[in-house]
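Residues 529 to 588 (the numbering used here) are what the sequence shown spells out, left to right.
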Amino acid sequence: MRELYVMRHAKSSWEDPNLSDFERPLNKRGIKSAKIISEFFVKKKYSFDYVLLSSSKGEL
């Protein structure tokens with residue numbers, strides 16, 4: 529059976545209000561959340577055939 533995972537970006541930083549959403553990095557909470565979800569996928573040994581993501585700073 530095929531599965532589709534849809535995920536939203538983690539919490540971004542608003543320290544610099546002059547940055548566009550595309551340039552905005554993750555804040556500490558966002559980095560922590562991204563690490564937790566990454567560890568979950570590694571622990572479960574998930575593998576992906578395709579990954580589609582934005583090239584914005586907070587997505588990579």
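Quick reminder that beta carbons are idealized off the backbone N, C-alpha and C, glycines included.
First through last residue of the alpha helix (DSSP H) which encompasses residue i
i	result
residue 550	Unbroken run through residue 550: none, as it is neither H nor E.
residue 556	556-571
Helix, strand or coil at residue i [DSSP, three-state]
i	result
residue 540	strand
CB-CB length for residue i against residue j, believed under 8 Å
i	j	result
residue 541	residue 553	5 Å
Proximity winner among the options, relative to residue i (alpha-carbon distances)
i	options	result
residue 582	543, 538, 571	538
residue 671	531, 530, 529, 536	Here the chain covers residues 529 to 588 and nothing more, so residue 671 does not appear.
C-alpha distance - residue i paired with residue j, whole-angstrom precision
i	j	result
residue 562	residue 577	20 Å
residue 529	residue 574	14 Å
residue 547	residue 570	32 Å
residue 532	residue 560	23 Å
residue 534	residue 568	15 Å
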